[in-house]
Structures are given as structure tokens and as C-alpha cells.
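**Student:** What follows is a single structure, and I will ask about it in a moment.
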Amino acid sequence: AGINQLNVPHGLFLDNDQTLYIAEWANHRIVEWKIRAASGRIATGGNGQLKHPSDVILDKARDSLLICDFGNKRIVRWSLRNSNNGETIISGLACAALTMDEQGFLYISDPERHEVRQWQVGETQGIVVAGGNGIGNRFDQLNEPRKVFVDRDHSVYVSDGPNDRVMKWVKGAKEGIVVAGGRGKGNLLSQLNFPEGIIVDQLGTLYVVDRGNNRIVRWPKGSAEGHILVGESGAGSLPNQLHGPIGLLFDRHGNLYVADHVNQRVQKFEIQLAV
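Just so we're aligned: 98 in full-length UniProt numbering is position 98 of the sequence shown, and the numbers increase by one with no gaps anywhere.
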């Protein structure tokens, strides 16, 4: 649990100054890590303040971290100016992941209610924007949704883990569209095995952590199958391998960062982006 070690890294967030924030599930803390640094710094947690944090984002406007405190069923705001001061802003939900759009709305996946809600900070309920129709595999349902991504059109993408698919819910839609997987659990290029982290670029290309297959897959918009970016040689601890990956992000240079959960590390890959 030293600050040069990680214990079950989950969610990742990268600031503009190349500072990486890592939600450490098993150490109950958020670690701040400067790129290329030999060790990190505890940004918050580690002393009973958090329980199994699953995700973290930076709210630049308020100079604070927003944390999915999964074990305590709440969202916590933690000021970067005063790291001793955490404030519960949403309570009573099991938060697997969160993201924020450019207007400051939060989108939170709740695997216990099988839904994603949009929240304005200060609201007590939020609005269901994906799922919310009980557990299942219909197009209007989710099954323990994991990570969430929102594009500029406010379409919500959800990694629907046990359903082995990624769903897209257009703003205001009553049901989603399968944009990756959905053809049963497996390791074919048309299949996923418990997807986790997801990112969609401006072309609509989906990048997905295919956790059960220990790989990162790029899925072009409208395609019936993906292309393996990382992890063609299966699970392992070599530099070109992953083992139980979860979180995913890109920096502004197109480098890919992956929370490599079982290997207790964050991996950086230089990826040739589609143009």
C-alpha cells in the first residue's frame, strides 16, 4: 500500500497538466500521480474516509475531485485545496462510474438499480437516461452497468457488463442501441466478455476495455466487429499484456492509459488513432 504501489486500480482521470488520478479500490483512496513520477501522492482517503472507491473525475470549475464512493453508496466532493474536507453531494446509490458533460451535469451508473441517471449537483433524484426498467437484456434494460461515457450530443454510452455489450442511448430515447458486442460472451472479434471502460471519439469510434478477454478493442462506428489494440496474446504481465483491465482514458496526444487491475499497475500505450 505504499505510494509507489497500487492495489486494484479502477477508475482513471487525467488532468490537462498530465496529472493522473487513480481510484484505488482495495486501498480505499485516490492517488495523484504525475506522469513519469516514481511514486504517487495520496489525494484523499486511506484513513477510513472512503470505502472501495470505483471512479474519480476532476471538477475543474470547483477545483475538486468527484469520487464514486461505492462501498458507502455516495458521491463525494473533495476539495483539492483542503484535502481533509470531503462533502457528500449525492447519497443512497451504488456508483460504479461517473462522468460530467460540458454543462456540468453528472452521469452516474448504478449497478444495483441497473440504470444510469443524469444529476445536477444539488438535486435529490436525478433523471434516468439509460436503463431503469429492471435487470435484463432487452434494449430498454441494463444488467449491472459499469462505466459510462457521454458524447457532445449527450448520447450516453454504457458498458453493460454481464450482457457483454456496449449500449448507446440517444438523448431522450426509451431504449438503447447495441454498438459493440451483444452476440453472447466470447472472444471472437464480434464479441465481448464483461466490458468495462469505454471512450468514444469524435468520429464515433468506440474504444472498450474487454475485461474478460484481457484486451482493449477499437470498434468503428456501425461495425459488426472490433479490432484488438492491446492484448492479442492473452492475459499476462508483459508490457504488451493486460490482466483484468478496468479503467481507460486517452491523453491529448493520443496515448492510451489502462488500469491493469490484477497486475496492480496503470499501463500507457502509444496508439495509432483512426483518422
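No residue lacks a Cβ here, since even glycine has one placed at the ideal position from N, Cα and C.
Have a look at Trp25, Ile89 and Ser159 and flag the residue whose alpha-carbon is nearest the alpha-carbon of Gly71.
**Tutor:** Nearest C-alpha to Gly71: Trp25.
**Student:** Taking all protein chains shown into account, do 16 or more other C-beta atoms lie within 10 angstroms of the C-beta of Asn16, making it buried, or fewer, making it exposed?
**Tutor:** Exposed, since its Cβ has fewer than 16 Cβ neighbours within 10 Å.
**Student:** Mind pulling the beta strand (DSSP E) runs of 3 or more residues that sit fully within the region 9-86?
**Tutor:** Those beta strand (DSSP E) runs which fall completely within the region 9-86 and span 3+ residues are 9-14, 19-24, 29-34, 41-45, 53-59, 64-69 and 74-79.
**Student:** For Arg117, does the three-state DSSP call read helix, strand or coil?
**Tutor:** Three-state DSSP puts Arg117 in a strand.
**Student:** Sort Arg252, His253, Asp55 and Ser159 by Cα distance to Tyr21 and report the nearest one.
**Tutor:** Minimum Cα distance to Tyr21 is reached at Asp55.
**Student:** Figure out for me which residue from Gly134, Thr124 and Glu270 has the closest Cα to the Cα of Pro239.
**Tutor:** Checking every option, the nearest Cα to that of Pro239 belongs to Glu270.
**Student:** To the nearest angstrom, report how far apart Lys258 and Lys185 are at their CA atoms.
**Tutor:** Checking the displayed sequence, the identity of residue 258 turns out to be Val instead of Lys. Each residue's Cα considered, the two are about 22 Å apart.
**Student:** Are there 16 or more other CB atoms within 10 angstroms of the CB of Lys60, so buried, or fewer, so exposed?
**Tutor:** Its Cβ having fewer than 16 others within 10 Å, Lys60 is exposed.
**Student:** Compute the Euclidean distance between the alpha carbons of Ala37 and Leu66, then round it to the nearest angstrom.
**Tutor:** Roughly 23 Å between the two C-alpha positions.
**Student:** Where does Pro195 fall in DSSP's three states?
**Tutor:** Reduced to three states, the DSSP call for Pro195 is strand.
**Student:** Can you name, in chain order, every residue of its own chain whose Cβ lies under 6 Å from the Cβ of Asn187, other than the five neighbours on each side?
**Tutor:** Excluding residues within five positions, the ones whose Cβ falls inside 6 Å are Asn213.
**Student:** Using C-beta distances below 6 Å, list every residue in its chain close to Arg252, excluding the 5 sequence neighbours before and after it, in chain order.
**Tutor:** Contacts found: none.
**Student:** Buried or exposed: where does Leu203 fall if 16 or more other Cβ atoms within 10 Å of its Cβ makes it buried?
**Tutor:** Counting Cβ neighbours within 10 Å, Leu203 comes out exposed, since fewer than 16 surround it.
**Student:** So, helix, strand or coil for Gly131, using DSSP?
**Tutor:** Gly131 falls in the strand class under three-state DSSP.
**Student:** For Gln191 and Asn84, what's the separation of their Cα atoms in angstroms?
**Tutor:** Between Gln191 and Asn84, the C-alpha separation is close to 44 Å.
**Student:** Do you know how far the Cα of Ala130 is from the Cα of Gly176?
**Tutor:** Their backbone Cα atoms lie some 7 Å apart in a straight line.
**Student:** Assign Asn263 to buried or exposed, taking buried as 16 or more other Cβ atoms, counted over all protein chains shown, within 10 Å of its Cβ.
**Tutor:** It counts as buried.
**Student:** Could you give the distance in angstroms between the alpha-carbon of Val150 and the alpha-carbon of Met100?
**Tutor:** Going from the Cα of Val150 to the Cα of Met100 covers about 8 Å.
**Student:** The beta strand (DSSP E) with Ala97 in it runs from where to where?
**Tutor:** Taken as a continuous stretch (DSSP letters only), the beta strand (DSSP E) holding Ala97 covers Ala97 to Met100.
**Student:** Looking at the strands, I want to know which residues DSSP matches up with Glu270.
**Tutor:** Beta-bridge pairing links Glu270 to Asn255.
**Student:** Here's the rule I'm using: 16 or more other beta-carbon atoms within 10 Å means buried, otherwise exposed. How should Ser64 be labelled?
**Tutor:** Ser64 is buried by the Cβ-count criterion.
**Student:** Can you tell which of Ile127, Val208 and Trp119 has its C-alpha closest to the C-alpha of Val158?
**Tutor:** Looking at the Cα atoms, Val208 is the closest of the given residues.
**Student:** For the beta strand (DSSP E) containing Val262, name the first residue and the last one.
**Tutor:** Segment: none, Val262 is in no beta strand (DSSP E) and carries neither H nor E.
**Student:** Using a C-beta cutoff of 8 Å, does His28 count as contacting chain C?
**Tutor:** The structure shown contains no chain C; it is built from a single protein chain.
**Student:** What are the start and end residues of the beta strand (DSSP E) that includes Gly181?
**Tutor:** Residues Ile177 to Gly181.
**Student:** Return the chain-ordered list of same chain residues with a C-beta closer than 6 Å to the C-beta of Leu14, the five sequence neighbours on each side being excluded.
**Tutor:** Result list for Leu14: Leu20, Leu249 and Asp251, in chain order.
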